[in-house]
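Student: Using our numbering, the letters of the sequence shown map in sequence onto residues 1 to 523.
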Amino acid sequence: MMHHLLRTYIVVFFFITSTFTGLHAQSTVAPVVPDRLSPAASVSLIGYLNKPLDAAYENRILAQDIERLLAPFRDRSETHWWQSEFWGKWFTSAIQAYRYHPTEALRAKIDSAAYGLLATQTADGYIGNYAVTHRLQEWDIWGRKYSMLGLLAYYELTGEHTFLHAVSRMADHLMAELAERNVRIVTQGNYRGMAASSVLEPIVLLYKYTTKRKYLDFAEAIVQQWETAEGPQLISKSAVPVAKRFPYARAANWVTQGQKAYEMMSCYEGLVELYRITGNPVYKTAVENTWQSIRDTEIDVLGSGSASECWFDGRRATPYAVKHADETCVTATWIKLNQQLLRLTGDVRYAEAIEQSYYNSLLGAMKPDGSTWSMYSPQAGVRRTGSNQCEMGLNCCVASGPRGLYTLPFLIAMSGDEGITVNFYEAGATAVYSPLGQEVHLEQTSRYPLEGEVSIRLEIPKAEKFTVALRIPSWSKRSTVKINGISYPVDRSGAYLSINRDWNNNDQIELSLDMRSQLHTWG
Numbered sequence: 001m002m003h004h005l006l007r008t009y010i011v012v013f014f015f016i017t018s019t020f021t022g023l024h025a026q027s028t029v030a031p032v033v034p035d036r037l038s039p040a041a042s043v044s045l046i047g048y049l050n051k052p053l054d055a056a057y058e059n060r061i062l063a064q065d066i067e068r069l070l071a072p073f074r075d076r077s078e079t080h081w082w083q084s085e086f087w088g089k090w091f092t093s094a095i096q097a098y099r100y101h102p103t104e105a106l107r108a109k110i111d112s113a114a115y116g117l118l119a120t121q122t123a124d125g126y127i128g129n130y131a132v133t134h135r136l137q138e139w140d141i142w143g144r145k146y147s148m149l150g151l152l153a154y155y156e157l158t159g160e161h162t163f164l165h166a167v168s169r170m171a172d173h174l175m176a177e178l179a180e181r182n183v184r185i186v187t188q189g190n191y192r193g194m195a196a197s198s199v200l201e202p203i204v205l206l207y208k209y210t211t212k213r214k215y216l217d218f219a220e221a222i223v224q225q226w227e228t229a230e231g232p233q234l235i236s237k238s239a240v241p242v243a244k245r246f247p248y249a250r251a252a253n254w255v256t257q258g259q260k261a262y263e264m265m266s267c268y269e270g271l272v273e274l275y276r277i278t279g280n281p282v283y284k285t286a287v288e289n290t291w292q293s294i295r296d297t298e299i300d301v302l303g304s305g306s307a308s309e310c311w312f313d314g315r316r317a318t319p320y321a322v323k324h325a326d327e328t329c330v331t332a333t334w335i336k337l338n339q340q341l342l343r344l345t346g347d348v349r350y351a352e353a354i355e356q357s358y359y360n361s362l363l364g365a366m367k368p369d370g371s372t373w374s375m376y377s378p379q380a381g382v383r384r385t386g387s388n389q390c391e392m393g394l395n396c397c398v399a400s401g402p403r404g405l406y407t408l409p410f411l412i413a414m415s416g417d418e419g420i421t422v423n424f425y426e427a428g429a430t431a432v433y434s435p436l437g438q439e440v441h442l443e444q445t446s447r448y449p450l451e452g453e454v455s456i457r458l459e460i461p462k463a464e465k466f467t468v469a470l471r472i473p474s475w476s477k478r479s480t481v482k483i484n485g486i487s488y489p490v491d492r493s494g495a496y497l498s499i500n501r502d503w504n505n506n507d508q509i510e511l512s513l514d515m516r517s518q519l520h521t522w523g
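(1) Taking Cβ positions, are SER293 and SER357 nearer each other than 9 Å?
(2) Fully enclosed by the segment 432 to 480, which beta strand (DSSP E) runs are 3 residues long or longer?
(3) Hey, would you say ARG457 sits closer than 9 Å to GLU443, going by beta carbons?
(4) Count the other C-beta atoms from every protein chain shown that fall within 10 angstroms of the C-beta of ASN484, then say buried if there are 16 or more, exposed otherwise.
(5) State the DSSP-derived secondary structure class of ASP502, mapped to helix, strand or coil.
(6) Just list the residues that DSSP pairs GLU327 with in beta bridges.
(7) Assign LYS260 to one of three DSSP states: helix, strand, or coil.
(8) Return the chain-ordered list of same chain residues with a C-beta closer than 6 Å to the C-beta of PHE466, the five sequence neighbours on each side being excluded.
(9) If we count the other Cβ atoms within 10 Å of its Cβ and call it buried at 16 or more, is HIS101 buried or exposed?
(10) Report all residues from its chain with a CB closer than 6 Å to the CB of LEU149; omit the five preceding and five following residues, and keep chain order.
(11) Going by Cα to Cα distance, which pick from SER168, LYS284, PRO39 is closest to VAL223?
(12) Taking the Cβ atom as the reference point for each residue, do GLY452 and LEU513 lie within a distance shorter than 9 Å?
(13) Check the DSSP bridge columns for THR421 and list the partner residues they point to.
(14) Quick one: what does DSSP say VAL43 is sitting in, helix, strand or coil?
(15) In whole angstroms, what separates the C-alpha of LEU450 from that of ILE46?
(16) Going by the CB atoms, is the gap between ALA94 and ALA544 shorter than 9 Å?
(17) Any idea what DSSP makes of ALA229, helix, strand or coil?
(18) Of the residues ALA153, THR278, TYR376, GLN96, which one's Cα is nearest the Cα of LEU302?
(19) For the segment 237 to 254 against the segment 273 to 291, do three or more pairs of beta-carbon atoms, one drawn from each stretch, fall closer than 8 Å, so that the two count as touching?
(20) Determine the extent of the alpha helix (DSSP H) in which GLN508 is found, giving its start and end residues.
(21) Run through DSSP, which three-state label would MET515 get?
(22) Within 10 angstroms of its Cβ, does PRO473 collect 16 or more other Cβ (buried), or is it exposed?
(23) Mapping DSSP to helix, strand and coil, what is TYR48?
(24) Let me check understanding here. Comparing Cα to Cα, which of ARG295, ALA56, THR228 lies closest to ARG316?
What follows is the structure in structure tokens.
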């Protein structure tokens, strides 16, 4: 088993080194606000999560028919639907899965999908599935966003500038279209422009990788347009509960309402990226306010929310049967938003939210063989696969599930300026970096989350003084920690226990968490 883990370290370390070497060949924009925590360099799990991760890898990621995803981009006749989101969702999850477990089979599939999409780019820079007469409408820009994210992910993987250039051409074409038609992006598409303006995320990343000011200007313009009368007002209404920012639209005008959960959080993911690059505190405050509103008024005991895909003040409805509850797209995007904030701030509450959602709602939505995902996961009733959307053989939630699934492994242990943070206690091996740049291997032995006894062994080339921060879950009322047999006091749960000392090779951390069942009251 350890032979497998060490082999994974070598392969992934080479992959990460070569990837960043390629990116460093071109200057990038340094963040004004660097992340407090960085994801692990590599991870290999052998415990509870190993089975679902491997199942989804084989039966969802590798099993996907790439030609079916590419066909709409070649046809370009759509006037209404969202076929173009599926390539980008699958592709970004495939990149995540490859980072977790790089294999020749998946790499070949990723390469084929990347070059296949690139071949569909038109002379004016467009990559999408909409007819010329219907460009910018409905889900067109939403789909372009996912194509941009996928091509940028491939650029991050390979350093091949052809793909960065392709995204630049896509962005230039979009900006030119909006200018030529003299329209605001928030008036294009659905849900007060949230679907279309969630393109903010790849636009900010494009500025980061190209240093071209026009992309930052476009990103700032998108945020300014949010605050118009037609827009979602994601900044000015960030302190308003997410379900109460606008009146609910009637069924006939459903796509005009401002409570759509998935699209809203997608916009805030982009706003986090914009905050990193600008340091504008207004952006961070808006995201944090909204996160708190979602956490306090929407997230149920399983760690997800929404009814019919919208915020509805749903936390209070936790004990009741709710129609179309806890959409998997919402679950996965909530996890992704929390990982953004965890990286940015190092705040334990985001790790807490990820764990609750991941182990309950997300894993509960996945078919045990990993081949598909339920669209909704109500707490009363049944979970079933959703519709075959857009005649694509899958739906939005089947495409979103893996994007959440492969997020957690690289958050198990993270690196920071002060040391190493351990968020989750899955059995396996993780590679992180010390403040002096040493590669530190953490070997975790546990049956977590089935049992609370965890052993962590450190492998470090040379002794070094730094902090190891252990997350003590809020639900663990009686926790104990020992290092090399010596007890350390645990003052409170729902916080990090930070231990600053000289760490040596083979130091052993023993953690015991309180796994007793608890009764939660609601209403």
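Every residue, glycine too, gets a C-beta built ideally from N, C-alpha and C.
Tutor: Quick answer:
(1) Annotated as distal: SER293 and SER357, with beta-carbon spacing of 9 Å or more.
(2) Here the runs fully enclosed are 439 to 446, 453 to 459, 464 to 472.
(3) Result yes, Cβ atoms of ARG457 and GLU443 sit closer than 9 Å.
(4) Taking a 10 Å sphere around the C-beta of ASN484, we find fewer than 16 other C-beta atoms and assign the residue as exposed.
(5) DSSP places ASP502 within a strand segment (E or B) once states are collapsed to three.
(6) Answer is TYR376.
(7) Taken through DSSP and simplified to helix, strand or coil, LYS260 comes out as strand.
(8) Correct list, in chain order: GLY419, SER434, PRO435.
(9) If you draw a 10 Å sphere on the C-beta of HIS101, you find 16 or more other C-beta atoms in it, and that means buried.
(10) If we look at LEU149 and ignore the five residues flanking it on each side, its Cβ neighbours are GLY88, THR92, PRO202.
(11) Nearest of SER168, LYS284, PRO39 to VAL223, Cα basis: LYS284.
(12) Between GLY452 and LEU513, the CB-CB gap stays under 9 Å.
(13) Beta-bridge pairing links THR421 to MET414, ALA469.
(14) It is a strand residue.
(15) Cα to Cα, the separation comes out at about 14 Å.
(16) Here the chain covers residues 1 to 523 and nothing more, so residue 544 does not appear.
(17) Of the three classes helix, strand and coil, the one that applies to ALA229 here is coil, per DSSP.
(18) Comparing Cα positions, the closest option is TYR376.
(19) Short answer: they touch.
(20) No alpha helix (DSSP H) contains GLN508, which is instead part of the beta strand (DSSP E) from 508 to 512.
(21) Coil, per DSSP.
(22) Classification for PRO473: buried.
(23) Residue state, collapsed to three classes: coil.
(24) Residue ARG295 is the option with its Cα nearest to ARG316.
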